[in-house]
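Chains as they are written, first to last, in the numbering used here: chain P, 61 to 461; chain C, 4 to 66.
Working notes for the structure below.
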Amino acid sequence: MRSSITIVGASLSGIRAAETLRAEGFKGKIKLFGEEERTPYDRPPLSKNFLDGEMPFERLSLISEEKILELEIELALGSKATNLDVESQTLEIEGIKESYDGLIIATGARARKLPNSDKIQGVHTLRSIDDSIRIREAFKSGKSKVVIVGAGFIGCEVASTASNLGLEVTVLETQHVPLCHVLGEKVGTIISDLHTTNGVELNCGVKVQEIQGGDHVEGVLLTDGTLIEADLVIVGIGAVPNTEWLENSGLTIDDGVCCDETCLAAPNIVAAGDVARWYHVGYGKSIRLEHWDNAAEQGKYSAQRLLHDEANNPPYAPVPWFWSDQFDRKIQLAGISSPEDEFEVVVDSPQEGRFTGIYGNEGKLRAVIGINRPRHVMQFKSLIEKGSSWKEALEFASGIE
Amino acid sequence: MRVVVDFDLCESNAICMQIAPDIFEVRDDDFLYVLEETPSEDRRSSLEESVQRCPKQAISIEE
Ligand SMILES: Cc1cc2nc3c(=O)[nH]c(=O)nc-3n(C[C@H](O)[C@H](O)[C@H](O)COP(=O)(O)OP(=O)(O)OC[C@H]3O[C@@H](n4cnc5c(N)ncnc54)[C@H](O)[C@@H]3O)c2cc1C
Ligand code: SF4
Numbered sequence: 061m062r063s064s065i066t067i068v069g070a071s072l073s074g075i076r077a078a079e080t081l082r083a084e085g086f087k088g089k090i091k092l093f094g095e096e097e098r099t100p101y102d103r104p105p106l107s108k109n110f111l112d113g114e115m116p117f118e119r120l121s122l123i124s125e126e127k128i129l130e131l132e133i134e135l136a137l138g139s140k141a142t143n144l145d146v147e148s149q150t151l152e153i154e155g156i157k158e159s160y161d162g163l164i165i166a167t168g169a170r171a172r173k174l175p176n177s178d179k180i181q182g183v184h185t186l187r188s189i190d191d192s193i194r195i196r197e198a199f200k201s202g203k204s205k206v207v208i209v210g211a212g213f214i215g216c217e218v219a220s221t222a223s224n225l226g227l228e229v230t231v232l233e234t235q236h237v238p239l240c241h242v243l244g245e246k247v248g249t250i251i252s253d254l255h256t257t258n259g260v261e262l263n264c265g266v267k268v269q270e271i272q273g274g275d276h277v278e279g280v281l282l283t284d285g286t287l288i289e290a291d292l293v294i295v296g297i298g299a300v301p302n303t304e305w306l307e308n309s310g311l312t313i314d315d316g317v318c319c320d321e322t323c324l325a326a327p328n329i330v331a332a333g334d335v336a337r338w339y340h341v342g343y344g345k346s347i348r349l350e351h352w353d354n355a356a357e358q359g360k361y362s363a364q365r366l367l368h369d370e371a372n373n374p375p376y377a378p379v380p381w382f383w384s385d386q387f388d389r390k391i392q393l394a395g396i397s398s399p400e401d402e403f404e405v406v407v408d409s410p411q412e413g414r415f416t417g418i419y420g421n422e423g424k425l426r427a428v429i430g431i432n433r434p435r436h437v438m439q440f441k442s443l444i445e446k447g448s449s450w451k452e453a454l455e456f457a458s459g460i461e
Numbered sequence: 004m005r006v007v008v009d010f011d012l013c014e015s016n017a018i019c020m021q022i023a024p025d026i027f028e029v030r031d032d033d034f035l036y037v038l039e040e041t042p043s044e045d046r047r048s049s050l051e052e053s054v055q056r057c058p059k060q061a062i063s064i065e066e
């Protein structure tokens with residue numbers, strides 16, 4: 061029986077892991093280390109209604125102080141893990157050695173930056189609450205020309221928030237249609253139309269050469285020589301898993317901490333959330349997700365996995381699900397879609413502002429997207445979980461009024 | 004036990020409906036309806052899962 065379990069990363073995945081350890085009856089010590097000084101908070105609102113100032117700070121909290129005390133979680137904030145030695149089961153936290161019996165790695169990811177842009181004022185990325193507050197203040201300070209680099213989900217959400225606040229927004233994107241590498245061209249076009257009809261200037265098929273400016277940003281130079289003027293630049297070009305501290309650990313690191321189908325990275329070590337890459341038996345390959353629901357569920361699963369170290373642990377093989385809010389649309393995707401998939405709108409139509417569409421290949425239903433259609437997304441998600449065929453999915457769709 | 008939903012927080016993403024369709028339903032009007040306000044004890048684990056997976060922390064259980 062283990063006497064102490066250590067969790068590194070005090071955000072969604074780490075907190076859920078800690079809560080699960082207690083819910084499963086673990087009586088030993090739980091130590092939770094987090095690099096950020098802030099008490100654990102939720103990230104999705106940071107690009108949505110926290111960014112526009114509507115949601116108060118308290119509502120972001122992931123766990124109350126009373127709960128931390130009640131569950132006897134030893135939470136150490138402002139504590140960064142800098143090294144792990146798997147052999148001797150020791151961690152280094154802020155230079156101090158810490159031994160553990162079981163370890164949960166939940167260090168998440170950080171926003172990818174553009175090179176040489178750190179020193180220029182007015183250039184931001186968005187991952188933490190402080191990033192969100194800084195961007196919000198810049199929005200309010202009359203800096204009206206906002207340029208967003210990258211039309212991924214976060215870029216699109218920030219574009220929508222900024223545009224709703226009345227700012228002039230330009231989005232720069234390398235692909236010819238936003239999000240088309242995940243959602244395919246049809247859906248990518250629907251999302252791009254949503255932005256342009258709301259006044260966002262969408263500039264696709266362009267590449268950023270560099271950000272220009274002395275002390276303060278002046279513009280974004282494209283590789284074709286065009287200079288896009290900017291008072292404020294938000295870079296949303298993806299996230300990088302936080303694995304540097306594990307470089308000498310002996311664990312396999314390859315765009316995330318590599319784990320088996322049960323989220324085990326090595327004996328007594330599991331990983332969860334945005335940092336974890338694990339073998340998904342349903343897809344027959346290793347994947348890493350950056351979704352809220354996965355971070356929560358994998359945190360829970362990994363804690364259970366650590367406690368019940370048995371030969372026949374059920375694999376962690378969920379159908380992924382996430383949402384994104386842009387303008388008045390709630391976009392939800394369940395499953396894994398690919399641009400090569402067959403795609404069909406099965407309920408309503410994009411022109412109506414709400415629809416449900418399904419993705420399939422090799423005769424199977426693979427994913428469902430809904431725009432303001434949460435009910436159907438969940439219904440099709442259940443079909444994906446059952447392994448339904450494309451034909452079954454179409455039959456189900458024809459029964460929806 | 005009693006299911007309480009804070010409808011100011013709920014954004015009708017229907018994840019709770021997928022977990023416990025006998026308790027929650029998001030209808031075509033996009034609003035969430037609680038079908039069973041006082042579910043029986045054997046529904047506790049599903050209900051707890053709905054509480055945990057609601058991205059808005061909109062659901063709570065009152066004993
Ligand atoms: C702006 C924004 C909007 C989002 N919107 C959505 C959305 O609409 N829908 C959706 O499904 N998902 C969304 N997400 C994604 C979701 O928030 C993430 O999937 C989730 O936060 C991942 O949780 P995590 O605990 O794995 O990692 P993180 O939240 O990244 O937390 C990791 C924690 O570990 C800490 N840490 C890192 N390295 C160390 C170290 N060496 N030692 C100690 N601590 C360390 C970090 O400081 C951080 O606090 C959004 C994310 C962002 C940033
Ligand atoms: S999961 Fe939460 S936010 Fe979503 S419909 Fe249910 S109560 Fe509402």
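The beta-carbon is built from N, C-alpha and C at its ideal position, and this holds for glycine as well.
Note that the coordinates shown come from a computational prediction; the quantities given were computed from them, not determined experimentally.
By how many angstroms is the C-alpha of P/Asp291 removed from the C-alpha of P/Lys203?
Taking the first sequence and counting its residues from 1, one reaches residue 203 of chain P at position 143. Taking the first sequence and counting its residues from 1, one reaches residue 291 of chain P at position 231. Whole-angstrom Cα-Cα distance: 5 Å.
I want to see whether chain C comes within less than 8 Å of P/Val437, judged by CB atoms only; does it?
By 1-based counting over the first sequence, the position of residue 437 of chain P is 377. For P/Val437, at least one C-beta of chain C is nearer than 8 Å to its own C-beta.
According to DSSP, which residues form a beta bridge with P/Arg170?
Stepping through the first sequence from its first residue, residue 170 of chain P is reached at position 110. Among the bridge pairs identified by DSSP, P/Arg170 is matched with P/Val300.
Please enumerate, following chain order, all residues with a beta carbon closer than 6 Å to at least one heavy atom belonging to ligand 2.
Here the residues come out as C/Val8, C/Cys13, C/Glu14, C/Ser15, C/Asn16, C/Ala17, C/Ile18, C/Cys19, C/Phe27, C/Val29, C/Leu35, C/Cys57, C/Lys59, C/Ala61 and C/Ile62.
Reducing DSSP to helix, strand and coil, say where P/His255 ends up.
Locating residue 255 of chain P in the first sequence gives position 195, where the first residue counts as 1. Note: P/His255 maps to helix in three-state DSSP.
Contact test: P/Leu72 Cβ vs ligand 1 heavy atom, cutoff 7 Å:
Here residue 72 of chain P refers to the residue found at position 12 when the first sequence is read from its first residue. Yes - ligand 1 has a heavy atom lying nearer than 7 Å to the Cβ of P/Leu72.
Could you tell me whether the segment 415-425 of chain P touches the segment 358-369 of chain P, using the rule of 3 or more Cβ pairs below 8 Å?
Here the segment 415-425 of chain P makes no contact with the segment 358-369 of chain P; the two share fewer than three CB pairs at distances below 8 Å.
Entirely within the segment 289-353 of chain P and at least 3 residues each: give me those beta strand (DSSP E) ranges in chain order.
For the segment 289-353 of chain P, the continuous beta strand (DSSP E) assignments of 3+ residues that do not extend past its boundaries occur at 292-295, 299-301, 317-319, 324-326, 329-331, 336-340 and 345-347, in sequence order.
Show which residues of chain C have a CB atom less than 9 Å away from the CB atom of P/Ala356.
In the first sequence, the residue the question calls residue 356 of chain P occupies position 296. Proximity of chain C to P/Ala356 at the Cβ level (cut-off 9 Å) is accounted for by Gln55, Arg56 and Pro58, in chain order.
Any beta carbon of chain P sitting closer than 8 Å to that of C/Ala17?
As a working note, residue 17 of chain C is residue 14 in the second sequence. Cβ-Cβ to chain P under 8 Å: yes for C/Ala17.
Bridge partners for P/Phe93 per DSSP, in chain order?
Residue numbering aside, residue 93 of chain P sits at position 33 when the first sequence is read from its first letter. Note: P/Phe93 sits in a beta bridge opposite P/Val68 and P/Ala136.
Any heavy atom of ligand 1 closer than 7 Å to the CB of P/Asp334?
Here residue 334 of chain P corresponds to residue number 274 of the first sequence, with the count starting at 1. The answer is yes for P/Asp334.
Reduced DSSP secondary structure (H/G/I, E/B, other) of P/Lys360:
Translated into positions along the first sequence, residue 360 of chain P becomes position 300. Of the three classes helix, strand and coil, the one that applies to P/Lys360 here is helix, per DSSP.
Please list, in chain order, the residues of the segment 346-372 of chain P that have any C-beta partner in chain C closer than 8 Å.
Answer set for the segment 346-372 of chain P: Trp352, Asp353, Ala356, Glu357 and Lys360.
Closest residue to P/Glu130 among P/Glu289, P/Asp145, P/Lys87 and P/His255 (Cα-Cα distance)
By one-based count along the first sequence, residue 130 of chain P stands at place 70. Looking only at P/Glu289, P/Asp145, P/Lys87 and P/His255, the smallest Cα-Cα distance to P/Glu130 is reached by P/Lys87.
Could you compute how far the alpha carbon of P/Gly113 sits from the alpha carbon of P/Cys240?
Position 53 of the first sequence holds residue 113 of chain P. Position 180 of the first sequence holds residue 240 of chain P. Going from the Cα of P/Gly113 to the Cα of P/Cys240 covers about 31 Å.
Is it buried or exposed, P/Val330, if we count other Cβ atoms within 10 angstroms and call 16 or more buried?
Here residue 330 of chain P refers to the residue found at position 270 when the first sequence is read from its first residue. That one is buried.
Contact under 8 Å by Cβ, P/Ala394 with P/Val406:
For this step, residue 394 of chain P is matched to residue 334 along the first sequence. For this step, residue 406 of chain P is matched to residue 346 along the first sequence. Not a contact, by the Cβ cut-off of 8 Å.
Proximity test, P/Thr167 beta-carbon vs ligand 1 heavy atom, cut-off 7 Å
On the first sequence, position 107 is the one that residue 167 of chain P refers to. Yes - ligand 1 has a heavy atom lying nearer than 7 Å to the Cβ of P/Thr167.
Under 9 Å by beta carbon: chain P residues contacting C/Met4:
Looking up residue 4 of chain C in the second sequence gives position 1. For a Cβ distance threshold of 9 Å, nothing in chain P lies close to C/Met4: the least Cβ distance comes to about 16 Å.
For C/Glu39, the nearest candidate out of C/Asp11, C/Leu12, C/Cys13 and C/Ile64 (CA to CA):
Start at 1 with the first residue of the second sequence, and residue 39 of chain C comes out as number 36. Check the Cα spacing between C/Glu39 and each of C/Asp11, C/Leu12, C/Cys13 and C/Ile64: the tightest is with C/Ile64.
Can you check the segment 206-289 of chain P for any beta strand (DSSP E) of at least 3 residues that lies completely inside it and give the ranges in chain order?
Within the segment 206-289 of chain P, the complete beta strand (DSSP E) runs of at least 3 residues are 228-233, 261-264, 268-273, 277-282 and 287-289.
Among residues of its own chain, excluding the 5 on either side of P/Gly155, which ones have a beta-carbon nearer than 8 Å to its beta-carbon?
Translated into the one-based positions of the first sequence, residue 155 of chain P becomes position 95. Thr142, listed in sequence order.
Which residues does DSSP pair with C/Ser63 in a beta bridge?
Within the second sequence, the letter at position 60 stands for residue 63 of chain C. Note: C/Ser63 is bridge-paired with C/Val7 in the DSSP secondary-structure output.
Excluding the 5 residues preceding and the 5 following P/Ser107 in the sequence, name in chain order all residues of the same chain whose CB lies nearer than 7 Å to its CB.
By 1-based counting over the first sequence, the position of residue 107 of chain P is 47. Cβ neighbours of P/Ser107 within its own chain (closer than 7 Å, five residues either side excluded): Leu186, Ile214, Glu217, Val218 and Thr221.
Tell me whether C/Ile22 sits in a helix, a strand or coil according to DSSP, three-state version.
On the second sequence, residue 22 of chain C is found 19 positions in, with the first residue counted as 1. Here DSSP, grouped into helix, strand and coil, assigns C/Ile22 to helix.
Buried versus exposed, by CB contacts within 10 Å (16 or more), P/Leu151
Translated into positions along the first sequence, residue 151 of chain P becomes position 91. Result: buried.
Which chain C residues sit within Cβ distance under 8 Å of P/Gly301?
Residue mapping note: residue 301 of chain P aligns to position 241 of the first sequence, counting from 1. One detail in the question is off: residue 301 of chain P reads as Pro in this sequence, not Gly. The contacting residues do not exist; P/Pro301 stays about 22 Å from chain C at best.
Using a threshold of 8 Å, state whether the C-beta atoms of P/Gly168 and P/Asp334 are closer than that.
Here residue 168 of chain P is taken as the residue at index 108 of the first sequence, counted from 1. Here residue 334 of chain P is taken as the residue at index 274 of the first sequence, counted from 1. P/Asp334 is positioned such that its CB atom lies closer than 8 Å to that of P/Gly168.
What's the C-alpha gap between P/Leu111 and P/His236?
The residue labelled residue 111 of chain P in the question sits at position 51 within the first sequence. The residue labelled residue 236 of chain P in the question sits at position 176 within the first sequence. Those two C-alpha atoms are separated by around 28 Å.
Would you list, in chain order, the members of the segment 85-104 of chain P that have their beta-carbon closer than 9 Å to a beta-carbon of chain C?
Going along the segment 85-104 of chain P in chain order, one finds Asp102 and Pro104 with a Cβ nearer than 9 Å to chain C.
With burial defined as no fewer than 16 other Cβ atoms inside 10 Å of the residue's Cβ, what is the status of P/Asn372: buried or exposed?
Residue numbering aside, residue 372 of chain P sits at position 312 when the first sequence is read from its first letter. When all chains shown are included, P/Asn372 counts as exposed.
Could you tell me whether any non-hydrogen atom of ligand 1 is closer than 7 Å to the CB of P/Glu96?
Position 36 of the first sequence, counting from 1, holds the residue named residue 96 of chain P. Closer than 7 Å to some heavy atom of ligand 1: that describes the Cβ of P/Glu96.
Between P/Trp305 and the rest of its own chain, which residues show a CB-CB distance below 6 Å, the 5 nearest in sequence each way excluded?
Against the first sequence, residue 305 of chain P aligns to sequence position 245. Closer than 6 Å at the Cβ level, and outside the excluded window around P/Trp305, lie Ala141 and Thr142.
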